[in-house]
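In the working numbering, the protein residues as written are 12 to 134.
Note that CB positions come from ideal geometry on N, CA and C, so glycine has one too.
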(Lines of atoms letter the chains of each structure in order from A and count residues from 1; the text may use other names and numbers.)
(Lines give C-alpha, C1' and ligand atoms only; values in the text may rest on other atoms or scores of the structure.)
Protein backbone atom coordinates (compact mmCIF):
# COMPACT_ATOMS: atom_id res chain seq x y z
CA UNK A 1 0.00 0.00 0.00
CA UNK A 2 1.49 3.34 -1.01
CA UNK A 3 1.17 6.26 1.36
CA UNK A 4 1.01 9.99 0.80
CA UNK A 5 3.36 12.66 2.03
CA UNK A 6 1.77 14.74 4.77
CA UNK A 7 4.32 17.54 4.80
CA UNK A 8 6.91 17.81 2.07
CA UNK A 9 9.47 20.29 0.95
CA UNK A 10 12.76 20.16 -0.88
CA UNK A 11 14.61 19.28 2.32
CA UNK A 12 12.25 17.11 4.33
CA UNK A 13 8.83 15.92 5.31
CA UNK A 14 6.70 13.60 7.38
CA UNK A 15 5.25 10.36 6.03
CA UNK A 16 1.89 8.88 6.89
CA UNK A 17 2.39 5.16 6.40
CA UNK A 18 -0.17 2.46 7.07
CA UNK A 19 0.79 -0.94 8.41
CA UNK A 20 2.84 -2.68 5.68
CA UNK A 21 2.91 0.51 3.59
CA UNK A 22 5.54 2.57 1.85
CA UNK A 23 6.07 5.99 0.27
CA UNK A 24 8.49 7.10 -2.44
CA UNK A 25 10.74 10.02 -1.51
CA UNK A 26 12.91 11.91 -4.02
CA UNK A 27 16.58 12.17 -3.12
CA UNK A 28 18.38 15.46 -3.95
CA UNK A 29 21.40 13.51 -5.20
CA UNK A 30 22.18 10.48 -7.35
CA UNK A 31 22.59 7.29 -5.29
CA UNK A 32 24.49 4.43 -6.98
CA UNK A 33 23.30 1.08 -5.59
CA UNK A 34 23.26 -2.43 -7.09
CA UNK A 35 24.39 -1.27 -10.53
CA UNK A 36 21.77 1.46 -10.91
CA UNK A 37 21.82 5.13 -10.00
CA UNK A 38 18.65 5.98 -8.08
CA UNK A 39 16.97 9.37 -7.66
CA UNK A 40 14.35 8.20 -5.14
CA UNK A 41 13.97 5.72 -2.30
CA UNK A 42 10.90 3.94 -0.96
CA UNK A 43 10.58 4.35 2.81
CA UNK A 44 8.65 1.33 4.09
CA UNK A 45 6.86 0.93 7.40
CA UNK A 46 8.67 -2.32 8.24
CA UNK A 47 12.11 -0.66 8.54
CA UNK A 48 13.25 -1.30 4.95
CA UNK A 49 14.47 1.20 2.37
CA UNK A 50 13.79 -0.16 -1.12
CA UNK A 51 14.58 1.02 -4.63
CA UNK A 52 12.21 0.75 -7.59
CA UNK A 53 9.04 0.11 -5.57
CA UNK A 54 7.59 -0.54 -2.12
CA UNK A 55 8.48 -3.61 -0.03
CA UNK A 56 5.83 -4.65 2.49
CA UNK A 57 7.07 -8.11 3.51
CA UNK A 58 7.59 -8.54 7.24
CA UNK A 59 8.72 -12.19 7.31
CA UNK A 60 12.40 -11.31 7.95
CA UNK A 61 14.03 -14.18 6.07
CA UNK A 62 17.21 -14.18 3.98
CA UNK A 63 15.46 -15.52 0.83
CA UNK A 64 12.81 -12.77 1.10
CA UNK A 65 15.49 -10.12 1.51
CA UNK A 66 17.56 -11.34 -1.44
CA UNK A 67 14.59 -11.68 -3.81
CA UNK A 68 13.17 -8.84 -5.85
CA UNK A 69 13.95 -5.17 -5.40
CA UNK A 70 17.30 -3.86 -4.12
CA UNK A 71 16.91 -2.84 -0.50
CA UNK A 72 18.63 -1.72 2.67
CA UNK A 73 17.35 -3.22 5.92
CA UNK A 74 18.61 -1.30 8.95
CA UNK A 75 15.79 -2.65 11.13
CA UNK A 76 13.57 -5.10 9.25
CA UNK A 77 10.75 -5.99 11.56
CA UNK A 78 6.97 -6.23 11.56
CA UNK A 79 6.29 -2.60 12.52
CA UNK A 80 3.05 -0.63 12.45
CA UNK A 81 3.49 3.17 12.29
CA UNK A 82 -0.30 3.67 12.28
CA UNK A 83 -0.39 2.82 16.02
CA UNK A 84 0.97 4.99 18.83
CA UNK A 85 1.66 3.69 22.32
CA UNK A 86 2.67 5.87 25.23
CA UNK A 87 3.31 9.62 25.35
CA UNK A 88 5.23 9.85 22.06
CA UNK A 89 3.32 9.62 18.77
CA UNK A 90 4.72 7.26 16.14
CA UNK A 91 6.32 9.19 13.27
CA UNK A 92 8.44 8.59 10.19
CA UNK A 93 10.17 11.67 8.82
CA UNK A 94 12.97 12.46 6.40
CA UNK A 95 15.41 15.25 5.79
CA UNK A 96 17.84 15.79 2.93
CA UNK A 97 20.71 18.01 1.90
CA UNK A 98 23.17 17.87 -0.96
CA UNK A 99 24.74 14.43 -0.78
CA UNK A 100 22.90 13.10 2.28
CA UNK A 101 19.49 11.94 3.43
CA UNK A 102 18.23 10.83 6.83
CA UNK A 103 15.05 8.91 7.60
CA UNK A 104 13.88 8.87 11.23
CA UNK A 105 11.59 6.18 12.59
CA UNK A 106 10.42 7.39 16.01
CA UNK A 107 8.37 5.38 18.52
CA UNK A 108 7.20 2.91 15.85
CA UNK A 109 5.26 0.06 17.45
CA UNK A 110 6.09 -3.58 16.81
CA UNK A 111 2.91 -5.15 15.40
CA UNK A 112 0.81 -6.90 18.01
CA UNK A 113 2.82 -5.54 20.96
CA UNK A 114 3.38 -2.35 22.92
CA UNK A 115 7.13 -2.31 22.14
CA UNK A 116 8.31 0.92 20.47
CA UNK A 117 11.40 1.29 18.28
CA UNK A 118 13.36 4.38 17.23
CA UNK A 119 16.11 4.21 14.61
CA UNK A 120 17.74 6.19 11.79
CA UNK A 121 18.86 4.55 8.52
CA UNK A 122 20.78 6.54 5.90
CA UNK A 123 20.75 5.60 2.19
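Subject >> Where the alpha helix (DSSP H) containing residue 77 begins and where it ends >> reply: Sequence index remark: in the chain shown, residue 77 carries index 66 (1-based). 73-77 is the span of the alpha helix (DSSP H), which, as asked, contains residue 77.
Subject >> Counterpart residues of residue 127 in DSSP-defined beta bridges >> reply: Translated into the one-based positions of the chain shown, residue 127 becomes position 116. DSSP, once it has assigned bridges, lists 120 as partnering residue 127.
Subject >> Burial state of residue 77 (16 or more Cβ within 10 Å) >> reply: The residue labelled residue 77 in the question sits at position 66 within the chain shown. Counting Cβ neighbours within 10 Å, residue 77 comes out exposed, since fewer than 16 surround it.
Subject >> DSSP state of residue 53 mapped onto helix, strand, coil >> reply: Looking up residue 53 in the chain shown gives position 42. DSSP places residue 53 in strand when its eight states are reduced to three.
Subject >> Which of helix, strand or coil DSSP assigns to residue 59 >> reply: Here residue 59 corresponds to residue number 48 of the chain shown, with the count starting at 1. The answer is coil: DSSP assigns residue 59 none of H, G, I, E or B.
**OP:** From the DSSP output, read off the bridge partner residues of residue 115.
**Re:** As a working mapping, residue 115 is identified with position 104 in the chain shown. DSSP lists 104 as partners of residue 115.
Original post:
How many Å lie between residue 73 and residue 45 at the Cα?
Top reply: Locating residue 73 in the chain shown gives position 62, counting from the first residue. Locating residue 45 in the chain shown gives position 34, counting from the first residue. Looking at the backbone, the Cα of residue 73 and that of residue 45 are separated by about 17 Å.
Original post:
Can you name, in chain order, every residue of its own chain whose Cβ lies under 8 Å from the Cβ of residue 15, other than the five neighbours on each side?
Top reply: Against the chain shown, residue 15 aligns to sequence position 4. Annotation note: pLDDT 39 at residue 15 (below 50); position unreliable, no value reported.
**OP:** List the residues that DSSP assigns as beta-bridge partners of residue 1.
**Re:** Examination of residue 1 is not possible in this model, given that the chain is present from 12 through 134 alone.
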